[in-house]
Amino acid sequence: MSDLEVQGISVELAGRRIINQITLTASTDIVGLVGPNGSGKSTLLRTIYRMLRPTKGHILAEGRDVWGMRSREAARVIAAVVQDSPSDLELTVTECVATGRVPHGRLLGAGTSDDQAAVERAMNAAGVTHFADRGISTLSGGERQRVQLARALAQEPSILVLDEPTNHLDIQHQLSLLALVRSLRITTLITLHDLNLAAAYCDRVVVLFEGSAVATGTPQDVLTPDLLQQVFGVKAATMTNPLTGRLHLVYTDGNQQ
Amino acid sequence: MTTVPTAPAPPMPGRMHRPGTTVFALTVACAIAVVLSVAIGSVYIAPEQVVSVIAGHLLPWSADSSATDVQARIIWEFRLPRALLGLVVGSALAVAGAVLQAVVRNPLADPFIFGVSSGASVAAVAALTLVTGTLAAVSVPLAAFAGALVTTLTVFLLAQQRGRVTAHRLVLAGVAMSYLLSSVTSYLVLRASGPGEGVSQVLSWLSGSLAAADWGDLGLPTLVLLLSTVGLTLLARVLNAFLIGDETAASLGVDVGRVRLGLFVITSLLVGVVVAVSGAIGFVGLVVPHAIRMIVGSDHRWVLPASALAGGLLLVVVDIIARLILAPRNCQSAC
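Same order as they appear, the protein sequences are chains A and B.
Per the UniProt record's numbering, the first sequence starts with residue 1, numbered consecutively.
Per the UniProt record's numbering, the second sequence starts with residue 1, numbered consecutively.
Have a look at this one:
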């Protein structure tokens, strides 16, 4: 049994099929979802963190149907870092991380010592303790993503779902955030635009194209020049990153010789 | 990996973060404001006499006060209900504003802008101008609450798009409904402007007034205010999750659609019961939560109780000022 099993998920919105019969599994590893804009990556994730009910198919977390559980129960198993627009009404870092205890709340969310301990552990793990009392809007993009990750960890989940966590981050913060995710050793499903980041940090990748999963496997097996030509319409070549020994891709647009 | 030395975190501008102290100070300020509000009027009564009369009613065994019977009646039957009503109305509007701002993640939200107050007003004005006789007394509060609720649900339905409600559509729908209902109110006023005092009664009510307060007006709003403020404060972390965003709130196991609807119903109940007794009063719901956030931060565990106290305080103080300016006429709390 895998920690996360996505079985034949389809989503239709306003009569249009956004994703079509996607099946994948993840188990104590990092699975990257890659694909062009509009290929259905975020839509698939939204069915997993229960923002969007799938039209067909099942999602099992630790063997239990995610959409058959109560929503709070599901949020104790699956935590997500998603792309919400920033709010004008801002919380401090600690207050934000503490919302991760909502699904554990007894008495409608009164804080217990368990809650406090979990919040502290999560903030330590994500390295945000030293700016605990600052307002979210005073933080850099990289720091904000770490706070959202800490908030997700405060849920004490066994599965993490991350939607483009490296968006708008500089190189150092992209790498350190993904290194942090790896170090957590939690089953993770992550969408990434940068294929080299997917190649460097994911154990397996699933390639989505027009709502369907067209390839699944290790980055080396899947991210081939042929596939990149078909799915992204770019001309690509593969090499080995001399610093990490992992797959590295270089591209040029599809028309250039 | 080398770490780049970073400057120490700058202190947060405008944030004092002493929520406990703030709540305590506001509680004391509310008590003082109520006593002053009772003391000041066409006949001045010394604050210590006010305190002794109130104490005499609450603790019948305590020592007799030095106040005359007339003073005691003025204090207990006329001025104290008015002061307490101001407290309750201000609190309810501030709590409703704080909740609406969180739920739609928009700092501009408040019951007035959002159409909830207008809905309550239209229904109450309709009741004032159309219902006569003994039914009139009962019909205004009921109509105001029904108007608030119907408006809220209409705003909610208008904001639906493919079964989902987004925060910015809620704001648009609320503002649109608010404009529409204002014109309906104008029509009802014009229609009523025949002979008789109907119009002046309606106009005075519309601009918000605490003048007619008696003990009977206090029970329902106080009960609704206490229950909802306590309940909402227990839900503080859920409200905090709304501040982060709908997607995150959903991932935290909050049933975003249903909880948002529930919070809307609670705010329309709050607004409905206070509009029924005081008329439509704006400003408090919009401004007080923001002022409070500057002092205690955005955590709703503190924002809600502190807003409740500050909203009540503001309305009591404004009512005192208005009475001083307009003396000896009675006045509206046009704030």
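We treat Cβ as the ideally placed atom computed from N, Cα and C, and that holds for glycine.
Margin query: Is there a Cβ of chain A sitting closer than 9 Å to that of ARG18 of chain B, yes or no?
Written below: Residue contact check for ARG18 of chain B against chain A: no CB pair falls below 9 Å.
Note to self: I'd like the span of the alpha helix (DSSP H) that includes ARG258 of chain B, first residue to last.
What the structure shows: 256 to 278
Check: Can you tell me the Cα-Cα spacing of SER139 of chain B and GLY245 of chain B, whole angstroms?
Finding: Distance between the alpha carbons of SER139 of chain B and GLY245 of chain B: 39 Å.
Item checked: Local Cβ density within 10 Å of ALA31 of chain B, reported as buried at 16 or more and exposed below that -> exposed
Next item on the list: Following the continuous alpha helix (DSSP H) through THR166 of chain A, name the residue where it begins and the one where it ends.
Entry: Unbroken run through THR166 of chain A: none, as it is neither H nor E.
Item checked: Within 8 Å of chain A by C-beta, residues of the segment 100 to 128 of chain B in sequence order -> GLN101, ALA102, ARG105, ASN106, PRO107
Checklist line | Minimum C-alpha distance to TYR217 of chain A - residue among A:LEU227, A:GLU210, A:GLY211 | finding: In the sequence under discussion, the amino acid at residue 217 of chain A is Gly, which differs from the Tyr named in the question. The option with the nearest alpha carbon to GLY217 of chain A is A:LEU227.
Check: Can you tell me whether VAL77 of chain A is buried or exposed, with buried defined as 16 or more other CB within 10 angstroms of its CB?
Finding: buried
Next item on the list: Measure the alpha-carbon distance for GLY109 of chain A versus ARG79 of chain B and round it to whole angstroms.
Entry: Note that GLY109 of chain A scores 47 on pLDDT, short of 50, meaning its location in the model is unreliable and no value can be drawn from it.
Notebook entry, point to check: If you follow the beta strand (DSSP E) that ASN20 of chain A is part of, which residue opens it and which one closes it?
Noted result: Residues 16 to 26.
Item checked: Through-space distance from THR94 of chain A to ILE75 of chain B, alpha-carbon basis -> 47 Å
Notebook entry, point to check: Contact between the segment 51 to 59 of chain B and the segment 269 to 282 of chain B: three or more CB pairs below 8 Å?
Noted result: no
Notebook entry, point to check: Residues of chain B with CB under 8 Å from ARG101 of chain A, in chain order?
Noted result: ARG237
Next item on the list: Go through its chain and collect everything with a Cβ distance to LEU170 of chain B's Cβ below 7 Å, but skip five positions before and after it.
Entry: VAL104, VAL155, ALA159
Notebook entry, point to check: Where does PHE242 of chain B sit, in a helix, a strand or coil, going by DSSP?
Noted result: helix
Check: Assuming ILE9 of chain A contacts ILE19 of chain A under a Cβ cut-off of 8 Å, what Cβ separation, rounded to an integer in Å, is found between them?
Finding: 6 Å
Notebook entry, point to check: How would you write the range of the beta strand (DSSP E) that HIS58 of chain A sits in, first residue to last?
Noted result: 56 to 61
Notebook entry, point to check: Start and end of the alpha helix (DSSP H) containing LEU45 of chain A?
Noted result: 41 to 48
Next item on the list: Evaluate contact between the segment 140 to 158 of chain A and the segment 73 to 90 of chain A, counting only Cβ atoms and requiring at least three cross-stretch pairs below 8 Å.
Entry: yes
Next item on the list: With 9 Å as the threshold, decide whether the Cβ of SER10 of chain A is near any Cβ in chain B.
Entry: no
Next item on the list: Note the first and the last residue of the continuous beta strand (DSSP E) segment covering ASP253 of chain A.
Entry: For ASP253 of chain A, the enclosing beta strand (DSSP E) starts and ends at 247 to 253.
Margin query: The beta strand (DSSP E) that contains GLU12 of chain A, what's its start and end?
Written below: Element bounds for GLU12 of chain A: 4 to 13.
Note to self: On the DSSP bridge list, what partners appear for ILE30 of chain A?
What the structure shows: A:THR188
Checklist line | Cβ-based contacts, 7 Å cut-off: residues of the segment 250 to 272 of chain B near chain A | finding: ALA250, SER251, LEU252, GLY253, VAL254, ASP255
Next item on the list: Note down, in chain order, every chain B residue with its Cβ under 7 Å from the Cβ of ALA74 of chain A.
Entry: When 7 Å is used as the limit between beta carbons, ALA74 of chain A is near these residues of chain B: GLY253, in chain order.
Notebook entry, point to check: Can you find a CB in chain A that lies within less than 9 Å of the CB of GLU48 of chain B?
Noted result: no
Margin query: Give me the subset of the segment 87 to 100 of chain A whose CB atoms are less than 8 Å from a CB atom of chain B, sorted by chain position.
Written below: SER87, ASP88, LEU89, GLU90, LEU91, THR92, GLU95, CYS96, ALA98, THR99, GLY100
Check: Can LEU177 of chain A and GLY142 of chain A be called in contact, C-beta distance under 9 Å?
Finding: yes
Notebook entry, point to check: For ASP299 of chain B, which residues in chain A fall below 7 Å Cβ to Cβ?
Noted result: LEU91, GLU95
Check: Does the beta carbon of TYR49 of chain A sit closer than 9 Å to a beta carbon anywhere in chain B?
Finding: yes
Checklist line | Minimum C-alpha distance to ALA83 of chain B - residue among B:ASP217, B:GLN101, B:LEU263, B:VAL184 | finding: B:ASP217
Note to self: Mapping the DSSP letters down to three states, classify GLY297 of chain B as helix, strand or coil.
What the structure shows: coil
Notebook entry, point to check: How many angstroms separate the CA atom of VAL119 of chain A from the CA atom of LEU157 of chain B?
Noted result: 38 Å
Note to self: Just to make sure I have the definition right: I need the residues of chain B whose C-beta is within less than 9 Å of the C-beta of ALA80 of chain A. Which are they?
What the structure shows: Those are GLU247, THR248, ALA250, SER251, LEU252, listed as they occur along chain B.
Margin query: Tell me the rounded alpha-carbon separation between VAL205 of chain A and GLN116 of chain A.
Written below: 36 Å
Checklist line | Spatial distance of LEU324 of chain B from ALA39 of chain B (CA atoms) | finding: 12 Å
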